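Following the numbering used here, the numbering of the sequence shown begins with 29 at its first residue and continues without gaps.
Think of the CB as a built atom: it goes at the ideal place given N, C-alpha and C, for glycine as much as any other residue.
Computed from a predicted structure; not experimentally measured.
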Amino acid sequence: MPAHVRGLSHKKVPDAWQTHVQGWLRLGFPWSWLFIAALLFGLGWAVLYKFERYDKSIGNLWAFGIWALLVAAIGNAVVFYERIIDGIADDLPSLLDEDEAKVQAWVSHWYQRMFWSRLILLFGVAFGVLLAYINHGLADDFSSHAGKAYVYLMNFVIGLTGGSMFCTMVGIARMMSALGKDVSIRPSVFDTKTSPLRMAIAALWKVALVAALVYALGISSLLLCYSKIQTGGVTLADNKIPLGTLILSGVFGIFIVGYFIRPQLNVHKTLSRLKSQKLQALIGQIETAFDNVAREPTAANIRQLRDLFDLQVIVNGKASWAFGCKELLLLIGSVVIPVLVVLIKCFLDSHASNATP
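Encoded structure:
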């Protein structure tokens, strides 16, 4: 099925202006958000060219460019998250132990909660205002009102899109956690591709990995904006990273790692229980088959015992964790390395300020 029609049978899109705009952005993936980023960057260049000194422009353009890229990355991440849900929505009726009408209603409910809820917009606006307030010191590097306004605008847009992305991630996690609670599932320790549990973990892994990449880009933006970059003898920024910004960065980094690990624990418990149940059932059959061989060692009885032992080996070999060390290290590395760079920068800045007479 083509990507642009996946999941549509389960969507009940509200007839509102914001959903029509979202539909336009979704169809243009990834170019729509890149176009918006280009417009924002062009606006920043115009502000610098018209209202600021030229000797500051090059350094500031680097910051404006990564801001624009961050907006595009966040916007495209949300569209990508919707496509992840689209990719599994049409398969859910065959995986869940419910009738198709109930599954469609359940999926439609979560589409509303994850992508079209007004709470997402309100949270994004609030987070945008908070981010603009925390990073107000960046505006001090600009002499014109237009330059200061652009800094506030970009921080607000980044907060607005970032807050919406956060709400969408939480909604996806809640939807996957509702499997087996709101709707019944048929979990199996053998089924590695179509098991609802493994499908949920695969979706959460993609969501967390994309969020980690966006997070790394956001940390790069943070370092660039609060680094002492000399351009034509003029300091672009000579500010310590605000404590509020550090706290938000740390909390979101922890959230990304926990977002992936926490659901794994529940899946691990379920898969371990299923594995134990299968092994217990096999042990009873093996004991019966062994007694049959002891009483009557025919070729058929011996073959049955051997097949049961082979099946026991297969079940024992089934992983009870739905991810490996590679995935975990990749995710943690994507979050921890940028955080370490920020901490090193803060330490060096603090050491330099103490050493200054």
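Option in the options with minimal Cα separation from residue i
i: F283; options: R111, L237, Y77, D127; result: L237
i: L276; options: A160, V75, A322, F63; result: A160
i: A154; options: A174, E126, F184; result: F184
i: L124; options: D169, V211, G272; result: V211
i: G187; options: A96, P224, L307, F337; result: A96
i: P224; options: L181, A177, A206; result: A206
i: I148; options: F92, V198, A91; result: V198
i: F108; options: W134, G175, W233, V135; result: W233
i: K209; options: W134, N88, L67, L68; result: W134
i: L6; options: G191, D169, R331, R146; result: Nothing in the structure corresponds to residue 6, since the chain is present only between 29 and 385.
i: L89; options: Y178, V242, S60, L62; result: Y178
i: G387; options: I289, K303, F280; result: With the chain covering only 29 through 385, there is no way to say anything about residue 387.
i: R290; options: I229, F280, V279; result: I229
i: M182; options: N329, F69, D319; result: F69
i: R146; options: L67, K306, T196; result: T196
i: G156; options: T273, L299, I342, W61; result: T273
i: A239; options: G281, P270, L251, V341; result: G281
i: S136; options: K78, D114, T189; result: D114
i: V242; options: L307, E324, T189; result: T189
i: L245; options: G93, V279, Q305, I112; result: G93
i: E80; options: D119, S171, P325, Y287; result: S171
i: F150; options: R323, F194, L299, Y180; result: The question names Phe, but residue 150 is Leu in the sequence shown. Answer by Cα proximity: F194.
i: P121; options: W61, I213, A328; result: I213
i: Q8; options: A327, D319, V343; result: With the chain represented from 29 up to 385, any question about residue 8 goes unanswered, as that position is not in the structure.
i: G278; options: I330, K78, D118, I247; result: I247
i: E110; options: W73, L293, K78, F57; result: F57
i: L270; options: F288, L251, Y287; result: Per the sequence presented here, residue 270 reads as Pro, with Leu not at that position. Per the Cα distances, L251.
Beta-carbon separation (whole angstroms), residue i vs residue j, contact threshold 8 Å
i: A231; j: I116; result: 6 Å
i: L98; j: S249; result: 5 Å
i: G175; j: V75; result: 6 Å
i: A91; j: C253; result: 5 Å
i: M12; j: W138; result: This structure cannot speak to residue 12, because the chain is shown only from 29 to 385.
i: Q340; j: A317; result: At roughly 11 Å, the Cβ-Cβ gap does not stay under 8 Å, so Q340 and A317 are not in contact.
i: V235; j: I112; result: 7 Å
Extent of the continuous alpha helix (DSSP H) to which residue i belongs
i: W61; result: 59 to 79
i: S171; result: Unbroken run through S171: none, as it is neither H nor E.
i: V238; result: 224 to 253
i: R146; result: 146 to 162
i: P121; result: 120 to 123
i: K130; result: 128 to 139
Inside the segment 280 to 352 only - alpha helix (DSSP H) runs reaching at least 4 residues | Taking only runs of at least 4 residues, the alpha helix (DSSP H) segments lying wholly in the segment 280 to 352 are 327 to 345.
Should the segment 118 to 130 be called in touch with the segment 142 to 149, which here means at least 3 C-beta pairs below 8 Å?
-> Here the segment 118 to 130 does not lie against the segment 142 to 149, with fewer than 3 beta-carbon pairs under 8 Å apart.
Are three or more beta carbon pairs between the segment 156 to 170 and the segment 92 to 112 nearer than 8 Å?
-> Short answer: they don't touch.
Quick check: the segment 330 to 337 against the segment 301 to 314, are there 3 or more CB pairs under 8 Å?
-> Result yes; three or more Cβ-Cβ pairs closer than 8 Å.
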